[in-house]
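Numbered according to this note's numbering, the sequence shown spans residues 4 to 337. No residue lacks a Cβ here, since even glycine has one placed at the ideal position from N, Cα and C. Report on the structure given below.
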Amino acid sequence: MPNAVIIGASGYAGAVLAELVAHHPEFSLAGLYVSENSLDAGKKLSELYPHLLGTVDDVLKPLTPENLAEAHKADAVFLCTAHKVSAELAGGFYDRGVKVFDLSGAFRVPEPEFYEKYYGFTHPRLDLLPKAVYGLAEWNHDEIAKTDLVAVAGCYPTASLTALKPLEEAGLIKSGSMPIINAVSGVTGSGRKATMTNSFCEVSLAPYGVFRHRHRPEISYHLGQKVLFQPHLGCFRRGILATIYVELAGNASDEAITAAYHRAYDGKRLVRLTDRWPSVLGVAGTPYVDVHFEREGEELIVVSAIDNLMKGASAQALQCANIRFGFSEYEGIL
Numbered sequence: 004m005p006n007a008v009i010i011g012a013s014g015y016a017g018a019v020l021a022e023l024v025a026h027h028p029e030f031s032l033a034g035l036y037v038s039e040n041s042l043d044a045g046k047k048l049s050e051l052y053p054h055l056l057g058t059v060d061d062v063l064k065p066l067t068p069e070n071l072a073e074a075h076k077a078d079a080v081f082l083c084t085a086h087k088v089s090a091e092l093a094g095g096f097y098d099r100g101v102k103v104f105d106l107s108g109a110f111r112v113p114e115p116e117f118y119e120k121y122y123g124f125t126h127p128r129l130d131l132l133p134k135a136v137y138g139l140a141e142w143n144h145d146e147i148a149k150t151d152l153v154a155v156a157g158c159y160p161t162a163s164l165t166a167l168k169p170l171e172e173a174g175l176i177k178s179g180s181m182p183i184i185n186a187v188s189g190v191t192g193s194g195r196k197a198t199m200t201n202s203f204c205e206v207s208l209a210p211y212g213v214f215r216h217r218h219r220p221e222i223s224y225h226l227g228q229k230v231l232f233q234p235h236l237g238c239f240r241r242g243i244l245a246t247i248y249v250e251l252a253g254n255a256s257d258e259a260i261t262a263a264y265h266r267a268y269d270g271k272r273l274v275r276l277t278d279r280w281p282s283v284l285g286v287a288g289t290p291y292v293d294v295h296f297e298r299e300g301e302e303l304i305v306v307s308a309i310d311n312l313m314k315g316a317s318a319q320a321l322q323c324a325n326i327r328f329g330f331s332e333y334e335g336i337l
């Protein structure tokens, strides 16, 4: 039974992942870690998240050099850390043969200038960028099964790419057009650290990151064409709803559109092609992506919904780990 450790376990995604791994029949949860100076160090995870009492009572260990050496002995590590921290930590695990599943953006695009422009740091392990596999599990299954470094797809990109890639692969998006993605996330997408911008009493519905959000180039890179992406912060806890506007190519019949989605997702149990418009309520607390689309003339509207902490982070990370270790893809998730 492979041992798995989680670094950054006190955050929302880390806590959800800890619960999933603790219930997983094939993985052993071998350690939960936080930064060396974290105020959560020495506490049980269940003190921070009372619903985990009796399920995940592990103590959050500070990531001292001694504890990092201990973590390096694991078979798998999940990095639920800030982008720069993940970039600095991942190489030490990778070099020791530990399989790395990074939930940050530190390895999602194999271009050094991407990190300087959108993340504000010079990447410390350029040698690993071409070795990382993008962890969009439904699309990169075979590559994930062979790599020791998975860059788990971002939450907004998961919702957006799941909706758009079948159309792009089938050549159904009008050449020269730019799909428009209008997406709203719950406040857990802003992380656990309290600020005025993510305080529940201060949030209503507002755009942010206009023209500058780092998920836009991530989506564009992995779709293979430019998109216009605008995120919003909504006054709900968890979930993402993405409404996407697509100009269709001349050959995009109703039958071709429907066939493209079924070809991509039939047998993929976490993607649900629904007969009604998705909602945040319909996916909150689940690992699913719900997708629905309607066409009028040359215009197509596609809506996708995910839980940002599940399919947008922890459940997808575990799905990638299942694939890499040869377990059932949905073990411990469904």
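Measuring CB to CB, does V190 end up less than 9 Å from F117? Cβ atoms of V190 and F117: not closer than 9 Å.
Name the DSSP bridge partner or partners of Q233? N185
Separation of L42 from V187, as counted between CA atoms: One C-alpha to the other measures close to 31 Å.
So what's D145 in DSSP terms, helix, strand or just coil? In this structure, D145 counts as helix in the three-state DSSP scheme.
Please return the same chain residues whose Cβ sits closer than 7 Å to the Cβ of W142, not counting the five positions on each side in sequence. A distance below 7 Å between beta-carbons, with the five flanking residues on each side excluded, links W142 to the following residues of its chain, in chain order: K168.
Within 8 Å, do at least three Cβ pairs link the stretch 120 to 139 to the stretch 62 to 78? no
If G242 sits next to D151, beta carbons under 8 Å apart, how far is it from one beta carbon to the other, in whole angstroms? With 8 Å as the limit, G242 and D151 do not qualify as a contact, their Cβ atoms being about 32 Å apart.
DSSP three-state call for H295: helix, strand or coil? If DSSP states are grouped into helix, strand and coil, H295 belongs with the strands.
DSSP beta-bridge partners for Y248? I183, I304
Quick one: is D257 buried, meaning 16 or more other Cβ sit within 10 Å of its Cβ, or exposed? Counting Cβ neighbours within 10 Å, D257 comes out exposed, since fewer than 16 surround it.
Below 8 Å, can you find three or more Cβ-Cβ pairs linking the stretch 40 to 57 to the stretch 99 to 116? no
Should the stretch 158 to 174 be regarded as contacting the stretch 250 to 264, the criterion being three or more beta carbon pairs within less than 8 Å? A contact exists between the stretch 158 to 174 and the stretch 250 to 264.
Give me the Cβ distance between V286 and F296, rounded to the nearest whole Å; I'm assuming they're in contact under 8 Å. Contact doesn't hold; Cβ gap of about 16 Å is too wide.
For the alpha helix (DSSP H) that P169 lies in, which residues bound it at each end? DSSP places P169 in the uninterrupted alpha helix (DSSP H) bounded by 158 to 172.
Supposed contact pair P281 and S317 - C-beta distance, whole angstroms, cut 8 Å: Actually they are not in contact, since the Cβ atoms of S317 and P281 sit about 20 Å apart, beyond 8 Å.
Are the CB atoms of G14 and G194 nearer to each other than 9 Å? yes
Determine the burial state of N325: buried for a count of at least 16 other Cβ atoms within 10 Å of its Cβ, exposed for fewer. By the Cβ neighbour-count rule, N325 is buried, with 16 or more other Cβ atoms within 10 Å of its own.
Expressed to the nearest angstrom, what Euclidean distance is found between the alpha-carbon atoms of G227 and R215? 19 Å
Taking a contact to mean a Cβ-Cβ separation below 9 Å, would you say F30 touches V37 in this structure? no
Work out the CA separation of L175 and A255 for me, nearest whole Å. 5 Å
Using CA atoms only, rank isn't needed, just tell me which of L164, L244, F104, I247 is closest to A135. Checked all of L164, L244, F104, I247; the closest Cα to A135 is F104.
Taking 8 Å as the cut-off, is the C-beta of E119 nearer than that to any heavy atom in the ligand ADP? In terms of ligand content, the structure shown is empty, and the ligand ADP therefore cannot be addressed.
When F330, G329, D293, R327 are compared against A162, the one with the closest alpha-carbon: D293
Suppose the cutoff is 7 Å on Cβ atoms and the five residues either side in sequence are ignored; what does the same chain contact list for A16 look like? C83, L106, L312, A316, S317
Is it true that the CB of L231 sits closer than 9 Å to the CB of L273? no
Of the residues A252, R279, G237, the one placed nearest G300, counting alpha carbons only: Looking at the Cα atoms, A252 is the closest of the given residues.
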